[in-house]
Amino acid sequence: MTALEKNPRIWGLLAQYENPSTIFTACEKVRDAGYEKWDSCTPFPVHGLEKAMGCKPSKIPWIVLCVGLCGSTFMLWFESFAMGNLYPMVVGGKPLFSLPAFVPIWYEITVLSSCLTAFFANWILSGLPQPNHPAFNSKAFERVTDDKFFIMIESEDPKFDIEQTRALLQSTGATLVEELPS
Amino acid sequence: MSAHAPSKPTDINIPAGSLWTKMPVIGGVLAVVGLGSVLGMAGGEHRARAMFSYLFAFEIFLGLALAALGFLLIDTVARAGWSVVIRRIAETMAATLPLFAILFLPIVTIGYHELYPWTHEHDTVLERKRWFLSDGFFMGRAVFYFVVWTMLSLVMYRSSLAQDATTDEGARNARVRKLWAFAAPGIILYALTQSFAAIDWMMSLMPHWYSTIFGVYFFAASVQAYFAFMALVVMALQRAGVLKDAVTSEHFHDLGKYTFGFTIFWAYIAFSQFVLIWYANIPEETEFYVMRMHGGWGAISYALPVLHFFVPFFFLLSRHVKRKRTGLALGASYVLFMYLVDFYWLILPNFKVEGQPETHFHLVWTDVMALVGMGGAFFALFSFLLARNKVIAINDPRLEESLVHENY
Chain A
33 MTALEKNPRI
43 WGLLAQYENP
53 STIFTACEKV
63 RDAGYEKWDS
73 CTPFPVHGLE
83 KAMGCKPSKI
93 PWIVLCVGLC
103 GSTFMLWFES
113 FAMGNLYPMV
123 VGGKPLFSLP
133 AFVPIWYEIT
143 VLSSCLTAFF
153 ANWILSGLPQ
163 PNHPAFNSKA
173 FERVTDDKFF
183 IMIESEDPKF
193 DIEQTRALLQ
203 STGATLVEEL
213 PS
Chain B
357 MSAHAPSKPT
367 DINIPAGSLW
377 TKMPVIGGVL
387 AVVGLGSVLG
397 MAGGEHRARA
407 MFSYLFAFEI
417 FLGLALAALG
427 FLLIDTVARA
437 GWSVVIRRIA
447 ETMAATLPLF
457 AILFLPIVTI
467 GYHELYPWTH
477 EHDTVLERKR
487 WFLSDGFFMG
497 RAVFYFVVWT
507 MLSLVMYRSS
517 LAQDATTDEG
527 ARNARVRKLW
537 AFAAPGIILY
547 ALTQSFAAID
557 WMMSLMPHWY
567 STIFGVYFFA
577 ASVQAYFAFM
587 ALVVMALQRA
597 GVLKDAVTSE
607 HFHDLGKYTF
617 GFTIFWAYIA
627 FSQFVLIWYA
637 NIPEETEFYV
647 MRMHGGWGAI
657 SYALPVLHFF
667 VPFFFLLSRH
677 VKRKRTGLAL
687 GASYVLFMYL
697 VDFYWLILPN
707 FKVEGQPETH
717 FHLVWTDVMA
727 LVGMGGAFFA
737 LFSFLLARNK
747 VIAINDPRLE
757 ESLVHENY
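Now the structure itself:
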């Protein structure tokens with residue numbers, strides 16, 4: 033027997049549910065059991081599931097606000113510096129520092145920096161790009177984009193115990209509980 | 357997400373004895389006192405100033421009622437489900453539009469020459485514009501606007517009321533489909549009439565000046581104020597014991613988002629108008645801003661971008677503010693106040709005292725009385741219609757969708 037077979041390392045447990053309301057109550061039970069490293073996957077957005085999972089409010093709004101304000105300030109400085117110092121040029125008889133003329137670009141850069149930040153912050157905080165995932169080893173999991181709902185609990189979770197966790201998932205109405213090899 | 361289908365709300369009639377049932381009388385008294393005193397003033401030597409107050413108050417409430425109509429048409433075409441719980445309130449607001457046809461009469465009788473210089477002034481530019489700015493065509497257009505608005509709002513309102521009595525599902529769905537087909541061309545008529553009405557009644561106060569975006573400016577400002585106004589009206593109704601569970605933080609969140617969105621839209625339109633005029637620097641166009649830079653108006657001109665855009669923008673930015681009643685009520689009241697300031701700034705600088713080269717910012721009591729009177733007239737009819745019927749479209753096929761509506 034190899035070391036791996038004696039002590040098979042698993043990535044976590046995968047539980048399958050049939051409809052949104054069972055996964056909803058299941059998430060509440062897993063949350064109340066005190067698990068931290070776990071996730072749920074559904075074929076379509078289930079309203080309020082993030083509350084049932086006990087997710088903390090996203091940090092993205094704050095990141096977007098900070099970067100947006102920085103981009104905004106930078107652009108206003110850059111425009112006045114470029115027009116006033118680097119390439120001083122009189123356009124249409126207006127003063128070198130003409131705020132109204134700067135506003136469109138100022139505004140666009142604020143929007144652009146905010147949007148790009150929201151887009152990439154979402155990727156980074158979600159751990160994307162992620163070409164492979166242990167759940168992809170499960171045949172049952174293929175139906176997550178079709179008509180099945182899943183909860184997976186990672187073995188790295190401090191509360192994880194293969195028997196107890198399996199019992200918990202089965203008690204929440206899972207139609208299938210699988211071990212996911214790492 | 358709730359596990360079971362929501363039950364239909366039962367607190368759908370304004371309870372007897374609430375302030376809303378007394379409002380038709382209170383509003384009527386306020387209208388008679390307010391508008392009576394303004395029009396009485398207009399009979400004396402301060403006719404022009406009193407009529408400017410009157411026009412200001414008229415445009416404020418006309419803007420709110422018109423925006424309600426626009427909201428209904430757009431929601432109908434977009435097949436929006438979330439707004440069904442507040443749709444009857446919007447329909448009732450829009451159904452006050454025929455009243456404005458009556459309230460418009462003093463403007464074209466008592467105040468006609470005092471308000472609109474093109475009715476009696478003559479020069480080359482005005483002669484060229486005469487085909488458009490002539491008594492007959494001006495009156496004809498006004499009649500056309502009111503006919504269109506009355507038709508659009510009453511069709512929406514009546515159809516919604518008729519639905520309250522039908523329980524047959526096929527008939528209800530047929531009604532929804534009929535309104536889709538009605539609202540789509542309705543939007544075109546609405547957009548043209550409200551834009552031309554703004555040009556006729558507000559822009560022609562300054563007949564030499566022109567801005568092709570002016571109709572959109574009126575739309576942006578009034579729709580922004582409308583969503584703030586709607587949030588406050590719904591809160592007041594809930595205090596009176598109506599729709600307590602039907603309208604949730606989710607709906608208030610959406611009203612707040614609309615207020616926030618149209619705050620940006622207003623700034624976008626206002627700035628677009630300004631930057632083109634500023635850049636081209638042609639005297640016939642800059643006249644509008646030049647005259648708003650003197651005589652006390654300059655402070656308001658500089659304050660508008662800050663107080664009408666930056667302050668509400670940052671205040672309403674957070675979702676927590678929009679979802680809390682106190683936060684939204686504060687933001688909405690502020691936005692409504694800035695709506696008054698904005699329209700005051702648009703209309704009042706056109707009041708000229710004879711012999712003085714420039715106009716002066718000078719608040720007079722008729723401004724307040726006109727607002728009180730016009731508001732009284734609006735609320736009298738609004739609360740009268742609201743109390744007569746259910747405050748929610750109880751048989752709408754999408755009511756359930758609206759009751760469980762959630763934002764992500």
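Which chain is which? The protein sequence lines are A and B, in order.
The first sequence begins at 33 in this note's numbering and counts up one residue at a time.
The second sequence begins at 357 in this note's numbering and counts up one residue at a time.
Quick reminder that beta carbons are idealized off the backbone N, C-alpha and C, glycines included.
It should be emphasised that the depicted structure is a prediction, and the values quoted were computed from it without experimental measurement.
Between Pro-454 (chain B) and Glu-415 (chain B), the alpha-carbon positions lie close to 14 Å from each other. Taking the Cβ atoms as the reference, Phe-583 (chain B) lies roughly 4 Å from Thr-615 (chain B), within the contact range of under 8 Å. Taking CB atoms only, Glu-762 (chain B) has a neighbour in chain A less than 7 Å away. In this structure, Arg-754 (chain B) lies away from Val-511 (chain B), with their beta-carbon atoms at least 7 Å apart. Contact between Phe-665 (chain B) and Ala-623 (chain B) is confirmed by a C-beta separation of about 4 Å, below the 8 Å threshold. Cβ-Cβ distances below 6 Å link Pro-705 (chain B) to Met-647, Arg-648, Trp-653, Thr-715 in the same chain, with the five nearest sequence neighbours on each side left out; the list follows chain order. Going by DSSP, Tyr-49 (chain A) is part of the beta strand (DSSP E) stretching over 42 to 49.
For Val-603 (chain B), no Cβ of chain A is located within less than 7 Å of the residue's own Cβ. Taking C-beta separations shorter than 7 Å and ignoring five residues to either side along the sequence, the partners of Gly-542 (chain B) in its chain run Leu-429, Leu-508, following chain order.
Residues of chain A with a Cβ closer than 9 Å to the Cβ of Phe-627 (chain B) are, in chain order, Pro-132, Val-135, Pro-136, Tyr-139. Exposed is the label assigned to Arg-595 (chain B), since fewer than 16 other Cβ atoms lie within 10 Å of its Cβ. Here Asp-520 (chain B) is near Lys-746 (chain B), since their CB atoms are less than 7 Å apart. Check the Cα spacing between Leu-425 (chain B) and each of B:Arg-444, B:Val-662, B:Ser-657: the tightest is with B:Arg-444. Within chain B, Tyr-635, Asn-637 have C-beta atoms less than 8 Å from the C-beta of Gly-124 (chain A), given in sequence order.
Contact check for Val-504 (chain B) against Leu-545 (chain B) passes: the beta carbons are separated by less than 7 Å. The way I'd put it, the stretch 715 to 724 of chain B does touch the stretch 693 to 707 of chain B; three or more beta-carbon pairs between them come closer than 8 Å.
At a C-beta separation below 8 Å, Val-503 (chain B) has no neighbours in chain A, since its nearest C-beta there lies roughly 40 Å away. DSSP places Val-709 (chain B) outside both helix and strand once states are collapsed to three, so it counts as coil. Contact of Val-662 (chain B) with chain A is not assigned, every C-beta pair being separated by 7 Å or more. Between Val-441 (chain B) and chain A, the shortest Cβ-Cβ separation is not below 7 Å. At least one CB of chain A lies nearer than 7 Å to the CB of Val-631 (chain B). Gly-399 (chain B) has its alpha-carbon roughly 14 Å from the corresponding atom of Gly-390 (chain B). Listed in chain order, the non-local C-beta contacts of Glu-762 (chain B) below 7 Å within the same chain comprise Glu-606, local neighbours out to five positions each way being set aside.
Look at Ser-72 (chain A) here: in three-state DSSP terms it is strand. Among the residues of chain B, none has a CB under 7 Å from the CB of Gly-205 (chain A); the nearest is roughly 13 Å distant. Pro-213 (chain A): member of the beta strand (DSSP E) spanning 208 to 213, first to last residue.
Between Tyr-472 (chain B) and Ser-560 (chain B) the beta-carbon gap is near 6 Å, inside 8 Å, which marks them as a contact.
Taking the Cα positions, Ser-112 (chain A) is about 36 Å away from Ser-689 (chain B).
Glu-762 (chain B) carries a coil assignment under DSSP once its states are collapsed to helix, strand and coil. At a cut-off of 3 residues, not a single continuous stretch assigned as beta strand (DSSP E) sits fully inside the stretch 72 to 139 of chain A. Interface annotation for the stretch 61 to 83 of chain A against chain B: Pro-77, Val-78, His-79, Gly-80, Leu-81, criterion Cβ-Cβ distance under 8 Å. Contact between the stretch 378 to 385 of chain B and the stretch 722 to 732 of chain B is present, with at least three C-beta pairs closer than 8 Å. For Glu-186 (chain A), the enclosing beta strand (DSSP E) stretches over residues 181 to 186. When only Cα atoms are considered, Phe-488 (chain B) and Arg-497 (chain B) end up about 10 Å apart.
By alpha-carbon distance to Arg-681 (chain B), the top candidate from B:Phe-575, B:Met-591, B:Ser-515 is B:Met-591. The beta carbon of Val-589 (chain B) lies closer than 7 Å to those of Ile-445 in the same chain, with the five residues before and after it left out.
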